[in-house]
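Visitor: Same order as they appear, the protein sequences are chains Y and C.
According to UniProt numbering, the first sequence is numbered sequentially starting from 1.
According to UniProt numbering, the second sequence is numbered sequentially starting from 1.
There's a structure below that I have some questions on.
2 protein chains.
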Amino acid sequence: MSVTHPRGFRASGVVAGLKASGTADLALVVNDGPDHHAAAVFTSNRVEAAPVTWSRTVVADGRADAVVLNSGGANACTGAPGFQDTHTTAEHVAGLLDVAAGDVVVCSTGLIGERLAMDKLLPGVDAAASALAADAGRAAAEAIMTTDTVPKLAVADRDGWSVGGMAKGAGMLAPALATMLVVVTTDAVVAPDRLDAVLREATRLTFDRIDSDGCQSTNDTVLLLASGASGVEADEAALTEAVTAVCAELARGLIADAEGAHHDIAIEVVSAASEDDALEVARSVARNNLFKCAVFGGDPNWGRVLAAVGTTAAAFDPASLDVSMNGVQVCRAGGVGDDRGLVDLSQREVRVLVDLHAGDAAATVWTNDLTHDYVHENSAYST
Amino acid sequence: MSVTHPRGFRASGVVAGLKASGTADLALVVNDGPDHHAAAVFTSNRVEAAPVTWSRTVVADGRADAVVLNSGGANACTGAPGFQDTHTTAEHVAGLLDVAAGDVVVCSTGLIGERLAMDKLLPGVDAAASALAADAGRAAAEAIMTTDTVPKLAVADRDGWSVGGMAKGAGMLAPALATMLVVVTTDAVVAPDRLDAVLREATRLTFDRIDSDGCQSTNDTVLLLASGASGVEADEAALTEAVTAVCAELARGLIADAEGAHHDIAIEVVSAASEDDALEVARSVARNNLFKCAVFGGDPNWGRVLAAVGTTAAAFDPASLDVSMNGVQVCRAGGVGDDRGLVDLSQREVRVLVDLHAGDAAATVWTNDLTHDYVHENSAYST
């Protein structure tokens, strides 16, 4: 039930008519309290969509009562009229729910550079408000899908409280953040001034470590809402653990459903001098098109991995690098290791292990292979 | 005639048997003087191939008498035995030409992580030495081709002296440098201590501004040899201009023949606060897979351009960005501009103009689209 699994939340997902496919494209999530604490993390892309600009302001005071999300249009690069559309949407939601517009988060996803069809969106909001239900988390998750093939849901039950979440995002997944809209809810009682820290720690280790295609979106939003409806206080560490678990499951789901991907690839970097070094190396490999094509082709071309590692500023000696692919150490001490023909890349999940022999830090970044289907899906996205 | 167009040079290209295709795979270029000045620029990849390590030392004193180049194997990630192979090759060339091994540059290109077949390479060097001729520049250019479909040659005639060059490189083209082997020759009389500056300025504006797929090679080498055989002194500015012209023509040829590409795309960034800003923005767009797929699909999805610009640290106001594609201003002041349907992407060459409205600096980076053919060629490279 995703976002409606914790107590204190209602949700809905309806067809507003924004998507040509005629499938559900508008979702509403309402926090009925008693608490209305909120925290959010947004794209670091400087070209940010109108709903991102709006929602930054909404959550600045740590409170949100509802979030309205639409697929079928990103409302990005739409100028002042686009921002007005977001504002109008929030006002409309606020009127229906009897809350302040300044407490309504707005999220949009879809094509950049086109205005939203407000004549369809606003009646859709009416329908979504009427459909609100305490068991409609899945319907909401389905309504935010774009090229996703499955809705992404996750829950974590803890001692008297729980966390639930939904996510959408199937292409343009890059760190900080992936192209995604994510709503995570909890009924734990939590100090409002700690919610932001909880969310940032959770996203740092999850959504910030998936990188499907190196491209960063204009609309990424991860929202955490706390209702306090369980009446049970959760300490910060426990809440962080549970929110991280839900975010990790959602992030893994995004990679597993990435546009056109045939493989999910974990780039695990170990024995790095620092976590930053490990991340830089993992991201460099994750963004190397030649490596990603090779995995698609079932070709354990480990030279592509070394060439990618070599472009980083991380501490390592090129003559000490070890690389394993699915357990076969194809590169040993910077040179030829075991027979590359022993590597089996037929499974969906691929594991690449890079040992820098430079320290004790480690990090893993998940990415996808580069396939004909990826090129196909993205060569005619707006047409 | 490429490298043999200037006086004082001989070259050859022969079949050593390193390439399974049976085509020419070994080239030799000899500087007969009277001068033997040399300068070189190498890959900045920290995982560098054995011939790069060797050749850095060779040119450190500003002198080189010959360069031997092989396709059919990169001799990268081959450890100490691989370095010994490079050394042996240089010694063999030196013996045949009666020069010092320490004045023989070695270049290799091909698959990473495999030893060279020295039992074929050394007899190939014998054949290449026997075939040396003052009109064999084209044969040398053909022998260094890998997935190139045409040899890349260029010449520039100036007042009593000339510059000639050859290049290979068809994939893995990224700045500083692209995957390429380039030899440029001149018969101008030039102060040896200025040759390095001439070459660095020329590559900065040419090879460093092509980026086919964001991937950086382990073997890139650009070599400039000066014979002084014209007897005519060239001032530094004139020589820089001519070498830059030859490098620009070769660089454009590399993009035009990039693996699997259907389009050559010029990303021109203007009104930037600095040249570094312009370059950062141009490279970010050039490396955006979603944008590159869209161009392949004939889809003028300018939102992809803005999303890429937004990931940079360059000075600009998102609300002031203008973007034109092939002359149609699809984005005006960060929002919707002219009808994207007016953009014609049917021609091979595509021009994207990004106006940052932040200053007077500009830079252009050339890249390619991301196609099914690129994925195909690189999904089974080593198999």
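Each residue gets a CB set at the ideal place from its N, CA and C atoms; glycine is no exception.
Can you check DSSP and say which residues form a bridge with C:His87?
Guide: Answer is none; C:His87 lacks a bridge partner.
Visitor: So which of C:Lys168, C:Ala134, C:Ser284, C:Phe207 has the shortest CA-CA distance to C:Val354?
Guide: C:Ser284
Visitor: So, does the CB of Y:Asp148 fall closer than 8 angstroms to a CB anywhere in chain C?
Guide: no
Visitor: In whole angstroms, what separates the C-alpha of Y:Gly169 from that of Y:Thr371?
Guide: In this structure, the straight-line span from the alpha carbon of Y:Gly169 to that of Y:Thr371 is close to 18 angstroms.
Visitor: Can you tell me where the beta strand (DSSP E) with Y:Thr185 in it begins and where it stops?
Guide: 181-186
Visitor: Against chain Y, which members of the stretch 339-372 of chain C pass a CB distance test of less than 8 angstroms?
Guide: Against chain Y - using a Cβ distance shorter than 8 angstroms - the residues of the stretch 339-372 of chain C are Arg340, Leu370, Thr371, His372.
Visitor: In chain order, what are the residue ranges of uninterrupted alpha helix (DSSP H) at least 4 long that sit wholly in the stretch 272-321 of chain C?
Guide: 275-286, 289-296, 302-309
Visitor: Could you check which residue in C:Glu280, C:Ser71, C:Gly79, C:Thr364 has the C-alpha nearest to that of C:Ala266?
Guide: Comparing Cα positions, the closest option is C:Thr364.
Visitor: If the cut is a Cβ gap below 7 angstroms, which residues of chain Y does C:Gly13 touch?
Guide: Per Cβ cutoff of 7 angstroms: no residues; C:Gly13 is ~25 angstroms from chain Y at best.
Visitor: Which residue wins for smallest C-alpha separation from Y:Gly8, given the options Y:Cys215, Y:Glu201, Y:Asp35?
Guide: Y:Asp35
Visitor: Cβ of C:Ser271 less than 8 angstroms from any chain Y Cβ?
Guide: no
Visitor: Would you check if there are 3 or more beta carbon pairs closer than 8 angstroms linking the stretch 40-50 of chain Y to the stretch 305-320 of chain C?
Guide: yes
Visitor: What separation, rounded to the nearest whole angstrom, lies between the Cα atoms of Y:Val305 and C:Leu153?
Guide: The alpha-carbon of Y:Val305 is positioned some 32 angstroms away from that of C:Leu153.
Visitor: To be precise: take each residue of the stretch 178-192 of chain Y, compare its Cβ to all Cβ atoms of chain C, and keep it if any distance is under 8 angstroms. Which residues remain?
Guide: Here the close residues number zero.
Visitor: Determine which residues share a DSSP beta bridge with C:Gly62 and list them.
Guide: In the DSSP output, where bridge partners are listed per residue, C:Gly62 has none listed.
Visitor: Verify whether the separation of the beta carbon atoms of Y:Leu28 and Y:Gly73 is less than 8 angstroms.
Guide: no
Visitor: Going by CA-CA distance only, name the one from C:Ala229, C:Leu121, C:Leu96 that's closest to C:Thr4.
Guide: Checked all of C:Ala229, C:Leu121, C:Leu96; the closest Cα to C:Thr4 is C:Ala229.
Visitor: State buried or exposed for residue 384 of chain C, treating a residue as buried only when at least 16 other CB atoms are found within 10 Å of its CB.
Guide: The requested residue 384 of chain C does not occur in the structure, where chain C is confined to residues 1 to 383.
Visitor: Please classify Y:His37: does DSSP put it in a helix, a strand, or coil?
Guide: strand
Visitor: Since C:Leu356 and C:Val269 are thought to touch, with beta carbons under 8 angstroms apart, how far apart are those beta carbons, to the nearest angstrom?
Guide: 7 angstroms
Visitor: Where does the unbroken alpha helix (DSSP H) through residue 403 of chain C begin, and where does it stop?
Guide: The structure shown does not extend to residue 403 of chain C, since chain C is modelled only from 1 through 383, so no value can be given for it.
Visitor: In terms of residues, what are the limits of the alpha helix (DSSP H) holding C:Ala154?
Guide: Taken as a continuous stretch (DSSP letters only), C:Ala154 belongs to no alpha helix (DSSP H), being part of the beta strand (DSSP E) at 152-157.
Visitor: Using the C-alpha atoms, what's the distance from Y:Ala136 back to Y:Glu96?
Guide: Correcting the residue type first, residue 96 of chain Y is Leu in the shown sequence and not Glu. Straight-line Cα distance between these residues: approximately 18 angstroms.
Visitor: Along chain C, in chain order, which residues have C-beta atoms closer than 7 angstroms to that of Y:Arg46?
Guide: Gly310, Pro318
Visitor: Return the bridge partner residues of C:Thr367 from the DSSP annotation.
Guide: C:Ile265
Visitor: Applying a beta-carbon distance threshold of less than 9 angstroms, which residues of chain Y neighbour C:Gln329?
Guide: By Cβ distance, chain Y contributes nothing, its closest Cβ being about 13 angstroms from C:Gln329, past 9 angstroms.
Visitor: Who are the neighbours of Y:Asn288 on chain D, taking C-beta pairs under 8 angstroms?
Guide: Absent from the structure is chain D; the protein chains it does hold are Y and C.
Visitor: Measuring CB atoms only, is the stretch 64-73 of chain C touching the stretch 97-110 of chain C, in the sense that at least three cross pairs come out at less than 8 angstroms?
Guide: yes
Visitor: Would Y:Val93 pass as a contact of Y:Trp54 if the rule is Cβ separation under 8 angstroms?
Guide: no
Visitor: Between Y:Gly78 and chain C, is any beta-carbon pair separated by less than 8 angstroms?
Guide: According to the sequence displayed, residue 78 of chain Y carries Thr and not Gly. Yes, Y:Thr78 counts as interfacial toward chain C.
Visitor: Three-state secondary structure (DSSP) at Y:Asp355?
Guide: strand
Visitor: Measuring alpha carbon to alpha carbon, tell me which residue in Y:Ala333, Y:Leu225, Y:Asp373 is nearest Y:Arg194.
Guide: Y:Leu225
Visitor: Output needed for residue 425 of chain Y: all residues of its chain with C-beta closer than 6 angstroms, excluding positions within five of it in sequence on either side, in chain order.
Guide: Given a span of 1 to 383 for chain Y in the structure shown, any question on residue 425 of chain Y remains unanswerable.
Visitor: For chain C, is any of its Cβ atoms less than 8 angstroms away from the one on Y:Leu306?
Guide: yes
Visitor: Let me check understanding here. Comparing Cα to Cα, which of Y:Ala278, Y:Val375, Y:Ala141 lies closest to C:Lys292?
Guide: Y:Val375
Visitor: Find the residues of chain Y that neighbour C:Val41, judging by a C-beta separation of less than 9 angstroms, and give them in chain order.
Guide: Correct list: empty, because the minimum Cβ distance to chain Y is about 16 angstroms.
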